[in-house]
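Here the structure comes first, spelled out in C-alpha coordinates, and everything after it is commentary.
Residue numbers (the working numbering): 815 to 1194.
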(Lines of atoms letter the chains of each structure in order from A and count residues from 1; the text may use other names and numbers.)
(Lines give C-alpha, C1' and ligand atoms only; values in the text may rest on other atoms or scores of the structure.)
Protein backbone atom coordinates (compact mmCIF):
# COMPACT_ATOMS: atom_id res chain seq x y z
CA UNK A 1 0.00 0.00 0.00
CA UNK A 2 1.63 3.21 -1.19
CA UNK A 3 0.83 6.84 -0.41
CA UNK A 4 -1.32 8.51 -2.98
CA UNK A 5 0.29 10.88 -5.50
CA UNK A 6 0.09 14.51 -4.50
CA UNK A 7 -2.12 17.08 -6.09
CA UNK A 8 -0.46 20.28 -7.17
CA UNK A 9 -1.32 23.35 -5.10
CA UNK A 10 -1.84 26.68 -6.73
CA UNK A 11 1.27 28.16 -8.29
CA UNK A 12 1.07 31.13 -5.94
CA UNK A 13 1.50 29.00 -2.82
CA UNK A 14 4.57 30.14 -0.93
CA UNK A 15 5.77 29.41 2.57
CA UNK A 16 7.70 31.92 4.63
CA UNK A 17 9.67 30.72 7.61
CA UNK A 18 10.13 34.02 9.41
CA UNK A 19 10.91 32.24 12.66
CA UNK A 20 13.86 30.25 11.31
CA UNK A 21 16.47 32.54 12.86
CA UNK A 22 14.58 32.53 16.15
CA UNK A 23 14.68 28.73 16.17
CA UNK A 24 18.37 28.78 15.27
CA UNK A 25 19.01 31.17 18.15
CA UNK A 26 17.20 28.88 20.59
CA UNK A 27 19.19 25.94 19.22
CA UNK A 28 22.47 27.82 19.71
CA UNK A 29 21.55 28.66 23.31
CA UNK A 30 20.66 25.02 23.99
CA UNK A 31 23.93 23.74 22.48
CA UNK A 32 26.04 26.28 24.37
CA UNK A 33 24.27 25.48 27.62
CA UNK A 34 24.63 21.75 27.04
CA UNK A 35 28.40 21.88 26.66
CA UNK A 36 28.83 24.32 29.56
CA UNK A 37 26.76 22.00 31.76
CA UNK A 38 28.65 18.89 30.65
CA UNK A 39 31.97 20.57 31.42
CA UNK A 40 31.06 22.02 34.80
CA UNK A 41 29.08 19.02 36.10
CA UNK A 42 30.75 15.98 34.53
CA UNK A 43 34.34 17.17 34.08
CA UNK A 44 34.88 19.66 36.90
CA UNK A 45 32.37 18.24 39.37
CA UNK A 46 31.06 21.70 40.20
CA UNK A 47 27.88 23.63 39.45
CA UNK A 48 26.49 27.02 38.47
CA UNK A 49 23.33 28.89 39.34
CA UNK A 50 22.12 28.87 35.72
CA UNK A 51 22.43 25.07 35.67
CA UNK A 52 20.31 24.93 38.83
CA UNK A 53 17.59 27.08 37.24
CA UNK A 54 17.58 25.07 34.00
CA UNK A 55 17.46 21.80 35.92
CA UNK A 56 14.47 22.91 37.99
CA UNK A 57 12.51 24.28 35.02
CA UNK A 58 13.44 22.22 31.96
CA UNK A 59 15.02 18.99 33.21
CA UNK A 60 12.95 18.30 36.32
CA UNK A 61 9.97 20.36 35.15
CA UNK A 62 9.57 19.77 31.41
CA UNK A 63 11.37 16.39 31.66
CA UNK A 64 14.04 17.08 29.06
CA UNK A 65 17.38 15.27 29.09
CA UNK A 66 20.05 16.14 31.63
CA UNK A 67 22.29 18.92 30.24
CA UNK A 68 19.48 19.53 27.68
CA UNK A 69 21.29 16.89 25.65
CA UNK A 70 20.17 16.68 22.00
CA UNK A 71 17.75 19.61 22.34
CA UNK A 72 19.71 22.09 20.23
CA UNK A 73 20.86 19.44 17.76
CA UNK A 74 17.25 18.31 17.26
CA UNK A 75 16.21 21.87 16.41
CA UNK A 76 18.99 22.21 13.82
CA UNK A 77 18.13 18.81 12.34
CA UNK A 78 14.40 19.53 12.14
CA UNK A 79 15.08 22.85 10.43
CA UNK A 80 17.18 21.01 7.86
CA UNK A 81 14.27 18.76 6.90
CA UNK A 82 11.79 21.63 6.98
CA UNK A 83 13.76 24.10 4.88
CA UNK A 84 15.38 21.85 2.28
CA UNK A 85 12.58 19.54 1.14
CA UNK A 86 11.34 21.97 -1.51
CA UNK A 87 14.87 22.83 -2.57
CA UNK A 88 15.87 19.25 -3.34
CA UNK A 89 12.66 18.72 -5.30
CA UNK A 90 13.00 21.72 -7.57
CA UNK A 91 16.79 21.77 -8.04
CA UNK A 92 18.95 19.56 -10.24
CA UNK A 93 20.64 16.93 -8.01
CA UNK A 94 24.21 17.93 -8.87
CA UNK A 95 23.42 21.58 -8.31
CA UNK A 96 21.73 20.83 -4.99
CA UNK A 97 24.69 18.81 -3.69
CA UNK A 98 27.29 21.37 -4.78
CA UNK A 99 25.29 24.16 -3.18
CA UNK A 100 24.49 22.42 0.11
CA UNK A 101 27.67 20.44 0.81
CA UNK A 102 29.87 23.14 -0.69
CA UNK A 103 28.55 25.71 1.76
CA UNK A 104 29.43 23.49 4.72
CA UNK A 105 33.04 22.84 3.78
CA UNK A 106 35.02 26.13 3.93
CA UNK A 107 34.08 26.98 7.53
CA UNK A 108 34.42 23.31 8.49
CA UNK A 109 37.96 23.15 7.09
CA UNK A 110 39.00 26.30 8.97
CA UNK A 111 37.53 25.00 12.23
CA UNK A 112 39.14 21.57 11.82
CA UNK A 113 42.51 23.18 11.04
CA UNK A 114 42.22 25.29 14.20
CA UNK A 115 41.28 22.21 16.22
CA UNK A 116 44.31 20.28 14.92
CA UNK A 117 46.59 23.24 15.67
CA UNK A 118 45.26 23.56 19.23
CA UNK A 119 45.78 19.83 19.83
CA UNK A 120 49.29 19.95 18.36
CA UNK A 121 50.22 22.89 20.59
CA UNK A 122 48.85 21.11 23.65
CA UNK A 123 46.21 23.78 24.29
CA UNK A 124 43.20 21.52 23.69
CA UNK A 125 42.78 17.77 23.89
CA UNK A 126 41.15 15.33 21.49
CA UNK A 127 37.40 14.93 21.89
CA UNK A 128 37.80 11.18 21.42
CA UNK A 129 40.39 10.80 24.17
CA UNK A 130 43.59 10.10 22.21
CA UNK A 131 46.78 11.84 23.32
CA UNK A 132 47.33 13.39 19.89
CA UNK A 133 46.49 13.12 16.21
CA UNK A 134 48.49 11.67 13.32
CA UNK A 135 48.87 13.18 9.86
CA UNK A 136 46.56 10.55 8.40
CA UNK A 137 43.92 11.16 11.05
CA UNK A 138 44.22 14.89 10.47
CA UNK A 139 43.62 14.45 6.74
CA UNK A 140 40.58 12.27 7.38
CA UNK A 141 39.17 14.84 9.80
CA UNK A 142 38.79 17.36 6.98
CA UNK A 143 36.30 15.00 5.31
CA UNK A 144 34.73 13.76 8.58
CA UNK A 145 36.44 10.41 8.10
CA UNK A 146 37.75 10.19 11.66
CA UNK A 147 34.27 9.32 12.90
CA UNK A 148 34.39 6.06 10.93
CA UNK A 149 37.73 4.87 12.32
CA UNK A 150 38.01 2.24 15.06
CA UNK A 151 38.46 3.64 17.62
CA UNK A 152 36.79 6.88 16.59
CA UNK A 153 39.05 9.89 16.11
CA UNK A 154 37.38 13.23 16.81
CA UNK A 155 39.47 16.38 16.78
CA UNK A 156 36.29 18.50 16.65
CA UNK A 157 33.52 16.45 18.20
CA UNK A 158 30.51 18.58 17.23
CA UNK A 159 31.06 17.96 13.52
CA UNK A 160 29.43 14.53 13.77
CA UNK A 161 26.13 16.28 13.04
CA UNK A 162 27.45 17.27 9.61
CA UNK A 163 27.66 13.56 8.80
CA UNK A 164 23.91 13.40 9.51
CA UNK A 165 23.19 16.42 7.34
CA UNK A 166 25.26 15.17 4.41
CA UNK A 167 23.62 11.75 4.70
CA UNK A 168 20.23 13.47 4.44
CA UNK A 169 21.37 15.45 1.39
CA UNK A 170 22.52 12.27 -0.37
CA UNK A 171 19.38 10.37 0.61
CA UNK A 172 17.20 13.25 -0.62
CA UNK A 173 18.89 13.25 -4.02
CA UNK A 174 18.67 9.46 -4.27
CA UNK A 175 14.93 9.51 -3.49
CA UNK A 176 14.11 12.61 -5.55
CA UNK A 177 11.95 10.66 -8.05
CA UNK A 178 9.98 9.24 -5.12
CA UNK A 179 9.69 12.70 -3.58
CA UNK A 180 8.09 13.93 -6.81
CA UNK A 181 5.73 10.97 -7.13
CA UNK A 182 4.74 10.07 -3.55
CA UNK A 183 6.46 12.51 -1.17
CA UNK A 184 5.37 10.98 2.12
CA UNK A 185 7.03 7.70 1.16
CA UNK A 186 10.43 9.40 1.53
CA UNK A 187 10.40 9.82 5.34
CA UNK A 188 8.66 6.46 5.78
CA UNK A 189 11.33 4.68 3.74
CA UNK A 190 13.95 6.67 5.64
CA UNK A 191 12.60 5.35 8.94
CA UNK A 192 12.72 1.77 7.65
CA UNK A 193 16.34 2.20 6.56
CA UNK A 194 17.25 3.75 9.93
CA UNK A 195 15.75 0.76 11.75
CA UNK A 196 17.71 -1.55 9.47
CA UNK A 197 20.96 0.24 10.29
CA UNK A 198 20.27 0.17 14.03
CA UNK A 199 19.50 -3.55 14.02
CA UNK A 200 22.47 -4.31 11.76
CA UNK A 201 24.89 -2.74 14.21
CA UNK A 202 23.26 -4.56 17.13
CA UNK A 203 23.35 -8.06 15.67
CA UNK A 204 26.34 -8.01 13.33
CA UNK A 205 29.69 -9.20 14.77
CA UNK A 206 31.62 -6.29 16.26
CA UNK A 207 34.40 -6.08 13.62
CA UNK A 208 31.77 -5.47 10.93
CA UNK A 209 29.70 -2.86 12.76
CA UNK A 210 29.92 0.87 12.05
CA UNK A 211 29.07 2.72 15.29
CA UNK A 212 28.88 6.11 13.59
CA UNK A 213 26.02 4.87 11.42
CA UNK A 214 24.06 4.06 14.58
CA UNK A 215 24.41 7.69 15.63
CA UNK A 216 23.30 8.86 12.19
CA UNK A 217 20.29 6.53 12.14
CA UNK A 218 19.25 7.61 15.64
CA UNK A 219 19.40 11.31 14.67
CA UNK A 220 17.78 11.27 11.22
CA UNK A 221 14.21 10.99 12.61
CA UNK A 222 14.50 14.62 13.72
CA UNK A 223 15.33 15.59 10.12
CA UNK A 224 12.49 13.52 8.71
CA UNK A 225 10.02 15.08 11.16
CA UNK A 226 10.97 18.49 9.79
CA UNK A 227 10.26 17.13 6.32
CA UNK A 228 6.91 15.77 7.49
CA UNK A 229 5.95 19.15 8.96
CA UNK A 230 6.74 20.79 5.61
CA UNK A 231 4.59 18.21 3.81
CA UNK A 232 1.73 18.83 6.23
CA UNK A 233 1.84 22.59 5.68
CA UNK A 234 1.89 22.19 1.89
CA UNK A 235 -0.80 19.47 1.78
CA UNK A 236 1.55 17.03 0.08
CA UNK A 237 -0.08 14.03 1.78
CA UNK A 238 -3.25 13.13 3.63
CA UNK A 239 -3.28 13.43 7.40
CA UNK A 240 -3.41 9.61 7.72
CA UNK A 241 -0.11 9.18 5.90
CA UNK A 242 1.41 12.07 7.82
CA UNK A 243 0.52 10.30 11.07
CA UNK A 244 2.00 7.04 9.75
CA UNK A 245 5.22 8.82 8.80
CA UNK A 246 5.48 10.54 12.20
CA UNK A 247 4.84 7.26 14.04
CA UNK A 248 7.56 5.61 11.94
CA UNK A 249 10.06 8.21 13.19
CA UNK A 250 8.89 7.66 16.76
CA UNK A 251 9.52 3.93 16.38
CA UNK A 252 13.09 4.60 15.23
CA UNK A 253 13.71 6.75 18.30
CA UNK A 254 12.21 4.10 20.61
CA UNK A 255 14.43 1.39 19.12
CA UNK A 256 17.47 3.66 19.34
CA UNK A 257 16.66 4.34 22.99
CA UNK A 258 16.24 0.62 23.75
CA UNK A 259 19.62 -0.29 22.24
CA UNK A 260 21.37 2.63 23.97
CA UNK A 261 22.19 4.45 20.75
CA UNK A 262 21.80 7.76 22.58
CA UNK A 263 24.29 9.09 25.06
CA UNK A 264 22.57 11.12 27.80
CA UNK A 265 19.39 9.77 29.32
CA UNK A 266 16.26 8.16 27.93
CA UNK A 267 14.09 11.19 27.18
CA UNK A 268 14.97 11.56 23.51
CA UNK A 269 11.50 10.84 22.12
CA UNK A 270 10.00 13.45 24.45
CA UNK A 271 12.76 15.92 23.56
CA UNK A 272 12.06 15.47 19.85
CA UNK A 273 8.32 15.91 20.49
CA UNK A 274 8.98 19.17 22.35
CA UNK A 275 11.18 20.38 19.48
CA UNK A 276 8.51 19.46 16.92
CA UNK A 277 5.97 21.49 18.88
CA UNK A 278 8.36 24.45 19.00
CA UNK A 279 8.94 24.23 15.25
CA UNK A 280 5.20 24.09 14.58
CA UNK A 281 4.64 27.18 16.71
CA UNK A 282 7.69 29.27 15.78
CA UNK A 283 8.85 28.37 12.26
CA UNK A 284 6.30 30.62 10.55
CA UNK A 285 6.26 33.24 13.30
CA UNK A 286 7.12 36.66 11.89
CA UNK A 287 6.54 38.89 14.89
CA UNK A 288 8.83 41.47 16.49
CA UNK A 289 11.04 38.98 18.36
CA UNK A 290 11.98 37.27 15.09
CA UNK A 291 13.39 40.58 13.86
CA UNK A 292 15.45 41.51 16.91
CA UNK A 293 19.04 42.28 15.95
CA UNK A 294 20.44 39.74 18.40
CA UNK A 295 18.18 37.03 16.96
CA UNK A 296 19.15 37.87 13.39
CA UNK A 297 22.85 38.02 14.31
CA UNK A 298 22.82 34.72 16.21
CA UNK A 299 20.72 32.95 13.60
CA UNK A 300 22.96 33.92 10.70
CA UNK A 301 26.13 33.06 12.65
CA UNK A 302 24.74 29.84 14.14
CA UNK A 303 26.94 27.55 12.00
CA UNK A 304 30.11 29.43 12.92
CA UNK A 305 29.16 29.44 16.61
CA UNK A 306 28.43 25.73 16.47
CA UNK A 307 31.79 24.92 14.89
CA UNK A 308 33.94 27.08 17.16
CA UNK A 309 32.42 27.11 20.63
CA UNK A 310 33.95 23.89 21.96
CA UNK A 311 37.40 24.98 20.77
CA UNK A 312 37.08 28.04 23.02
CA UNK A 313 35.02 26.91 26.01
CA UNK A 314 37.45 24.90 28.11
CA UNK A 315 40.53 27.10 28.00
CA UNK A 316 38.60 30.39 28.15
CA UNK A 317 36.68 29.20 31.21
CA UNK A 318 39.76 27.83 32.97
CA UNK A 319 41.75 31.03 32.40
CA UNK A 320 38.97 33.36 33.55
CA UNK A 321 37.21 31.55 36.40
CA UNK A 322 39.87 32.28 39.02
CA UNK A 323 39.65 36.05 38.58
CA UNK A 324 36.04 36.49 37.46
CA UNK A 325 34.12 33.61 38.98
CA UNK A 326 31.88 31.17 37.14
CA UNK A 327 29.44 33.67 35.65
CA UNK A 328 32.27 35.97 34.60
CA UNK A 329 34.15 33.07 33.02
CA UNK A 330 31.07 32.05 31.04
CA UNK A 331 30.65 35.64 29.85
CA UNK A 332 34.28 35.68 28.71
CA UNK A 333 33.70 32.41 26.83
CA UNK A 334 30.59 33.83 25.14
CA UNK A 335 32.38 37.05 24.18
CA UNK A 336 35.38 35.26 22.67
CA UNK A 337 33.07 32.87 20.83
CA UNK A 338 31.05 35.79 19.45
CA UNK A 339 34.16 37.54 18.11
CA UNK A 340 35.61 34.36 16.62
CA UNK A 341 32.27 33.45 15.04
CA UNK A 342 31.90 36.90 13.52
CA UNK A 343 35.35 36.58 11.94
CA UNK A 344 34.61 33.10 10.59
CA UNK A 345 31.26 34.26 9.22
CA UNK A 346 32.48 37.47 7.60
CA UNK A 347 35.85 36.25 6.33
CA UNK A 348 34.97 32.67 5.34
CA UNK A 349 31.26 31.84 5.24
CA UNK A 350 30.01 34.88 3.35
CA UNK A 351 32.65 35.05 0.58
CA UNK A 352 32.75 31.26 0.24
CA UNK A 353 28.96 31.17 0.11
CA UNK A 354 28.93 33.66 -2.76
CA UNK A 355 31.53 31.65 -4.66
CA UNK A 356 29.75 28.33 -4.06
CA UNK A 357 26.44 29.89 -5.09
CA UNK A 358 28.00 31.12 -8.32
CA UNK A 359 29.55 27.71 -8.95
CA UNK A 360 26.29 25.89 -8.22
CA UNK A 361 24.41 28.11 -10.66
CA UNK A 362 26.62 26.72 -13.43
CA UNK A 363 26.16 23.08 -12.38
CA UNK A 364 23.12 21.25 -13.70
CA UNK A 365 20.05 22.98 -15.03
CA UNK A 366 17.33 24.59 -12.94
CA UNK A 367 14.21 22.45 -12.89
CA UNK A 368 10.65 23.77 -12.95
CA UNK A 369 8.70 23.59 -9.73
CA UNK A 370 7.42 20.07 -9.18
CA UNK A 371 3.88 19.22 -8.32
CA UNK A 372 3.02 19.28 -4.68
CA UNK A 373 5.98 21.49 -3.77
CA UNK A 374 6.00 25.09 -2.59
CA UNK A 375 8.80 27.59 -2.62
CA UNK A 376 10.65 28.09 0.63
CA UNK A 377 11.42 31.74 1.13
CA UNK A 378 13.95 31.54 3.92
CA UNK A 379 15.80 28.28 3.39
CA UNK A 380 19.07 28.00 5.22
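C-beta: ideal position from N, C-alpha, C; glycine also.
| Item | Value |
| --- | --- |
| Closest Cα partner of residue 1060 within the set 1099, 946, 1006 and 1157 | 1006 |
| Close beta carbons around residue 1174, own chain, < 6 Å, minus the five adjacent residues each side | 909, 912 and 913 |
| Classification of residue 1057 by the beta-carbon crowding that lies within 10 angstroms, buried from 16 upward | exposed |
| Uninterrupted beta strand (DSSP E) stretches inside the region 1054-1092 (no shorter than 3 residues) | none |
| Three-state class that DSSP yields for residue 1039 in the structure shown | helix |
| From 1170, 1026 and 917, residue whose alpha carbon lies closest to that of residue 964 | 1026 |
| Burial state of residue 1123 (16 or more Cβ within 10 Å) | buried |
| Every unbroken alpha helix (DSSP H) within the region 833-903, with a cutoff of 4 residues, ordered by chain | 834-851 and 863-868 |
| Pick from 984, 1155, 1136 and 1087 that is closest to residue 879, judged by C-alpha positions | 1087 |
| Residues near residue 1110 in its chain [Cβ-Cβ closer than 8 Å; skip 5 each side] | 835 |
| Unbroken alpha helix (DSSP H) run spanning residue 1111, endpoints | 1107-1114 |
| Distance between residue 1162 and residue 999 (C-alpha atoms, nearest Å) | 38 Å |
| First and last residue of the uninterrupted alpha helix (DSSP H) at residue 1176 | Counting along the chain, residue 1176 falls outside any alpha helix (DSSP H), and DSSP gives it neither H nor E. |
| Backbone secondary structure at residue 1012 - three-state DSSP | helix |
| Segment contact, 8 Å Cβ cut-off, at least three pairs: the region 1004-1018 with the region 1061-1077 | yes |
| Touch test, the region 1166-1173 against the region 1128-1135, Cβ-Cβ under 8 Å, three pairs minimum | no |
| Inter-stretch contact at 8 Å, needing at least 3 Cβ pairs: the region 850-863 / the region 1137-1144 | yes |
| For residue 1039 and residue 996, the rounded distance between their alpha carbons | 16 Å |
| Proximity to residue 897 [Cα-Cα], best of 859, 832, 919 and 1030 | 832 |
| Sub-7 Å separation of residue 1035 and residue 987 beta-carbons | no |
| Inter-residue Cα distance where the pair is residue 1116 and residue 1054 | 35 Å |
| Distance between beta carbons of residue 1041 and residue 1001, contact taken as under 8 Å | 5 Å |
| Buried/exposed call for residue 1208, threshold 16 Cβ in 10 Å | It is not possible to answer for residue 1208, since the shown part of the chain is limited to 815 through 1194. |
| Whole-angstrom distance between residue 1160 and residue 881, CA atom to CA atom | 31 Å |
| Three-state secondary structure (DSSP) of residue 938 | coil |
| Residue 1100 versus residue 848 - alpha carbon distance | 28 Å |
| Exposure of residue 886, with buried meaning 16 or more beta-carbon neighbours within 10 Å | buried |
| Collapsed DSSP secondary structure at residue 1144 in the structure displayed | helix |
| Alpha-carbon spacing of residue 1097 relative to residue 837, whole angstroms | 7 Å |
| Rounded straight-line distance, which links the Cα of residue 1068 to that of residue 884 | 15 Å |
| Residue from 850, 868, 966 and 1019 whose Cα sits closest to the Cα of residue 1146 | 850 |
| Residue 767 (DSSP reduced to helix, strand or coil) | The structure shown does not extend to residue 767, since the chain spans only 815 to 1194, so no value can be given for it. |
| Distance, residue 946 Cα to residue 888 Cα | 31 Å |
| Chain-order list of residues whose beta-carbon lies under 7 Å from that of residue 956 (same chain, five-residue window excluded) | 923 and 926 |
| Start-to-end residues for the alpha helix (DSSP H) that takes in residue 949 | 949-955 |
| Per-residue burial, residue 930 [other beta carbons within 10 Å of its own, 16 or more giving buried] | buried |
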